[in-house]
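Student:
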């Protein structure tokens, strides 16, 4: 991911279909999107891991983003798995494929940590991706600020 991805990232964040389950909703301005992107770029500098721009190999078409970022959850250092993709690529298996590759790439350095997926309880597509990747729901950890949120975890 790089600053040149800003316009595509902002456009993605404004798509209603992409925000159905987004707890923070769409970016209100391109400046807000820039701040978020700059935060994500700092993740790479600080932790050596973060979110990535996803593009089609053949056409370089912008798909969206996917990645792992180091976060703190209940005093535990975890990797947060996040992904958002354009509607025309949803259901294609691209997210599962990309996430599987990212998890395997993170395994040597982050072994012993957990990966967390935070999503809405009715976000069936995201839960299905996480389940295919081996994540399990941790209902005892679902006391999030939004009562509709659930946590899924995978041990590395």
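Residue numbers (our numbering): 7 to 162.
Ideal placement from N, C-alpha and C gives every residue a C-beta, glycine not left out.
Only a predicted model underlies this, so the values are computations on that prediction, with no experimental measurement involved.
1. Kindly confirm or deny that the segment 94-108 and the segment 60-72 touch, where touching means at least three C-beta pairs closer than 8 Å.
2. Near residue 73, which residues of its chain fall below 7 Å by C-beta distance, leaving aside the five closest residues on each side in sequence?
3. With H, G and I counted as helix, E and B as strand and the rest as coil, what does DSSP make of residue 95?
4. Residue 89 bridges to which residues according to DSSP?
5. With a threshold of 8 Å, are at least 3 pairs of Cβ atoms found where one atom belongs to the segment 121-131 and the other to the segment 80-97?
6. Exposed or buried, which one is residue 90 when buried takes at least 16 other CB atoms within 10 Å?
7. Could you spell out the range, first to last residue, of the beta strand (DSSP E) harbouring residue 160?
8. What does residue 110 pair with, by DSSP beta-bridge criteria?
9. For residue 121, name the three-state secondary structure that DSSP assigns.
10. Below 7 Å between beta carbons: does that hold for residue 126 and residue 97?
Tutor: This is what the structure gives:
1. yes
2. 56, 57, 58, 88, 108
3. helix
4. 72
5. Contact holds: three or more Cβ-Cβ distances are below 8 Å.
6. buried
7. 155-161
8. Its beta-bridge partners do not exist; DSSP assigns none.
9. strand
10. No, the Cβ-Cβ distance between residue 126 and residue 97 is not below 7 Å.
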